[in-house]
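Each remark here refers to the structure printed beneath this line.
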Amino acid sequence: GKQMAFEGNIHFIVEGKKEIFEQYKKLFEAMGHATFMGEVPNATLAKLAYNICRYSNVATALMAVQFLKQYSNNLAPIYEVLAEGSLDNFGQVWKEEMGEVAIENRPYKFAGSKIPAKDLSLVIKMAEQKGLSKELFEQIKKVYESMSNGPEKDT
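Written as structure tokens, this is what we have:
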């Protein structure tokens with residue numbers, strides 16, 4: 032938006048021909064930061080993937096809040112723990128875990144833990160008890176269980 036551009040806070044992800052990007056780079060930098068992504072459709076794909084991740088996180092957070100409200104009248108301390116603990120979660124996953132998968136085309140190495148699977152099963156039961164939608168929780172559990180390609184851990 033206009034205010035973000037005025038403050039120089041926009042991050043442009045640009046696709047196309049490198050020489051055209053270089054020719055107009057100063058215009059982008061007057062409003063923020065510019066990253067050249069290469070040929071079409073790299074920038075578009077980056078934006079779509081980012082939105083998939085962001086809005087699946089929003090959907091999950093909304094489901095978690097609905098779930099929490101069914102079991103607690105005091106969400107402030109729970110919110111504080113979740114807000115602080117999740118600040119770098121999205122970036123951490125991409126920076127520490129997805130590089131080899133995305134860039135080097137290696138399979139994701141993941142040894143599932145029994146604890147999250149058990150916790151997700153409990154959340155599904157608890158949501159069911161309160162008449163909440165459990166579909167997203169079931170999908171999260173299904174994806175979690177399908178990720179493991181190593182021996183399960185107890186912790």
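In our numbering, the protein residues as written are 32 to 186.
Even for Gly, the Cβ is constructed at its ideal location relative to N, Cα and C.
Being a predicted model, the structure only gives us computed values, none of them experimental.
In this structure, residue 74 sits near residue 44, with a CB-CB distance shorter than 8 Å.
When secondary structure is reduced to three states using DSSP, residue 65 falls in the strand class. Going by C-alpha positions, residue 163 is about 14 Å away from residue 92.
Pairing residue 123 with residue 160, the inter-Cα distance amounts to about 34 Å. For residue 157, the closest C-alpha among the options 112, 60, 97, 89 is that of 97. For the 8 Å CB-CB criterion, residue 153 and residue 175 do not form a contact. Linking residue 110 to residue 82 through their CA atoms gives a straight-line distance of about 23 Å.
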